[in-house]
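So the structure is just underneath, and the comments pick up after that.
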Amino acid sequence: MRNASDLPPEAAEASASGVERRARWLLVLLAGLLVASAAYLLYARGVFEPTQTLVLVADDAEGVSVGMDLTFSGFPIGRVRRIELGGDGYARILVDVARRDAHWLRESSVFTMERGLVGGTRLRAYTGVLEGPLLPDGAQRQVLRGDALADLPRMVNAARELLEQLKAMTDPDAPLNASLREVRQLLQKANGRDGVLGVLMGNEADRTRVTAALDDVRRLLQRLQGVADRADALVQRTDQRVFGAQGLADDVQASAREARDLLVGLRATLQRVDGVLAEVHGIAVNTRSATQDLDALRVEVEATLRRVDGMILDIQRRWPFSRDAEVKLP
Numbered sequence: 005m006r007n008a009s010d011l012p013p014e015a016a017e018a019s020a021s022g023v024e025r026r027a028r029w030l031l032v033l034l035a036g037l038l039v040a041s042a043a044y045l046l047y048a049r050g051v052f053e054p055t056q057t058l059v060l061v062a063d064d065a066e067g068v069s070v071g072m073d074l075t076f077s078g079f080p081i082g083r084v085r086r087i088e089l090g091g092d093g094y095a096r097i098l099v100d101v102a103r104r105d106a107h108w109l110r111e112s113s114v115f116t117m118e119r120g121l122v123g124g125t126r127l128r129a130y131t132g133v134l135e136g137p138l139l140p141d142g143a144q145r146q147v148l149r150g151d152a153l154a155d156l157p158r159m160v161n162a163a164r165e166l167l168e169q170l171k172a173m174t175d176p177d178a179p180l181n182a183s184l185r186e187v188r189q190l191l192q193k194a195n196g197r198d199g200v201l202g203v204l205m206g207n208e209a210d211r212t213r214v215t216a217a218l219d220d221v222r223r224l225l226q227r228l229q230g231v232a233d234r235a236d237a238l239v240q241r242t243d244q245r246v247f248g249a250q251g252l253a254d255d256v257q258a259s260a261r262e263a264r265d266l267l268v269g270l271r272a273t274l275q276r277v278d279g280v281l282a283e284v285h286g287i288a289v290n291t292r293s294a295t296q297d298l299d300a301l302r303v304e305v306e307a308t309l310r311r312v313d314g315m316i317l318d319i320q321r322r323w324p325f326s327r328d329a330e331v332k333l334p
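Under the numbering used here, residues 5 to 334 are what the sequence shown spells out, in order.
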């Protein structure tokens with residue numbers, strides 16, 4: 005192989021100019037690749053996409069940084085462009101929202117800034133009614149804060165108070181321990197000879213009386229059970245006598261049929277009596293004149309009966325051998 009020093013001067017200059025030309029083209033290619041990559045990154049970041057501005061007002065912008073995403077249902081729809089302090093002392097967070105995603109934001113949308121125990125601050129948007137009017141460009145909305153760290157001191161204080169109360173409850177002289185000791189004593193008495201009844205009554209005499217009362221109640225229940233059994237048997241016999249074969253119900257039905265037959269016969273008899281009464285009515289009209297003569301005859305008969313009665317009394321007074329002072333007329 006021949007070295008460059010062995011070449012003539014014209015050939016060496018031509019070779020050097022070719023290498024320089026290739027180096028320039030390589031640098032241009034690298035610069036083009038860098039520019040294309042930067043342009044693609046800017047396009048991917050949405051720099052060339054049309055946006056609208058949303059101003060979020062918060063009393064504290066701690067944790068918010070430029071480039072932070074504004075999410076809706078977990079999807080980024082906007083990006084924080086600038087954070088500034090307003091004249092009223094509130095932080096103003098300028099968010100660029102892509103036009104293609106702006107339809108998710110409505111006049112009724114709610115914006116929150118959440119800060120958890122783990123992780124950074126998050127900006128979120130919530131829209132309850134998607135049929136409402138669209139959020140205009142440059143709209144200003146108040147941000148609702150949800151800071152879990154703000155409740156941490158209160159939670160620590162509550163936990164400290166709870167631990168102090170538990171310590172006071174577990175103290176040997178605490179009322180809870182005294183109550184537990186009394187409960188243990190009651191359980192020991194309940195497991196003893198007298199049992200739970202002795203614990204409830206407190207003394208042997210009351211326990212004996214309660215036991216006797218329970219025995220009486222048991223015997224009474226047994227007697228009531230016997231009475232119930234006899235009543236059940238009586239009901240069964242009554243049912244058999246009343247509703248069984250040739251029972252009282254059959255006799256009552258037969259009597260009812262006989263009574264119905266008698267009533268039918270009585271009805272026919274009454275109809276015949278009605279005819280007889282009609283005839284008697286005609287006879288009574290004819291005999292009305294004769295009753296006047298019968299009145300005089302009745303007076304004479306009554307006088308005769310009085311005389312006979314007086315004579316019977318006289319005979320009874322004069323009858324010497326009669327055991328009963330009376331005379332029975334035939």
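No residue lacks a Cβ here, since even glycine has one placed at the ideal position from N, Cα and C.
Only a predicted model underlies this, so the values are computations on that prediction, with no experimental measurement involved.
Closer than 8 Å: residue i CB and nearest the ligand MG heavy atom
{"i": "arginine 227", "result": "Looking for the ligand MG in the displayed structure turns up nothing, as the structure carries no ligands at all."}
C-beta contact flag for residue i and residue j at 9 Å
{"i": "leucine 138", "j": "arginine 110", "result": "yes"}
{"i": "glutamine 144", "j": "leucine 31", "result": "no"}
{"i": "valine 147", "j": "leucine 127", "result": "yes"}
{"i": "glutamate 118", "j": "arginine 96", "result": "no"}
{"i": "serine 112", "j": "alanine 129", "result": "no"}
{"i": "isoleucine 81", "j": "alanine 106", "result": "yes"}
{"i": "glutamate 339", "j": "leucine 98", "result": "In this structure the chain extends from 5 to 334, so residue 339 is not present and cannot be described."}
{"i": "glycine 67", "j": "threonine 125", "result": "yes"}
{"i": "threonine 174", "j": "leucine 180", "result": "yes"}
Residues bridged to residue i [DSSP beta-bridge criterion]
{"i": "isoleucine 87", "result": "Ile97"}
{"i": "glycine 82", "result": "Leu74, Val101"}
{"i": "alanine 143", "result": "Leu58"}
{"i": "arginine 149", "result": "Met117"}
Under the three-state DSSP convention, the category residue i falls into
{"i": "valine 331", "result": "Residue placement at valine 331 cannot be trusted, given a pLDDT of 47 that sits under 50; what the coordinates show is reported in the next sentence. Valine 331: coil per DSSP, three-state reduction."}
{"i": "leucine 127", "result": "strand"}
{"i": "glycine 22", "result": "helix"}
{"i": "leucine 138", "result": "strand"}
{"i": "asparagine 181", "result": "helix"}
{"i": "valine 176", "result": "Reading off the sequence shown, one finds proline at residue 176, where the question assumed valine. DSSP places proline 176 in coil when its eight states are reduced to three."}
{"i": "asparagine 161", "result": "helix"}
{"i": "valine 239", "result": "helix"}
{"i": "aspartate 313", "result": "helix"}
{"i": "aspartate 92", "result": "coil"}
{"i": "valine 27", "result": "Sequence inspection shows alanine at residue 27; the valine mentioned does not correspond to that position. Reduced to three states, the DSSP call for alanine 27 is helix."}
Start-to-end residues for the beta strand (DSSP E) that takes in residue i
{"i": "arginine 110", "result": "No beta strand (DSSP E) contains arginine 110, which DSSP labels as neither H nor E."}
{"i": "valine 59", "result": "55-62"}
{"i": "threonine 116", "result": "114-119"}
CB contact below 9 Å: residue i versus chain C
{"i": "leucine 180", "result": "Absent here is chain C; the protein component of the structure consists of one chain."}
Inset, instruction - Take every Cβ of the region 51-61, pair it with every Cβ of the region 94-110, and state whether three or more of those distances are shorter than 8 Å. - result: The region 51-61 makes contact with the region 94-110, as at least three CB pairs between them are under 8 Å.
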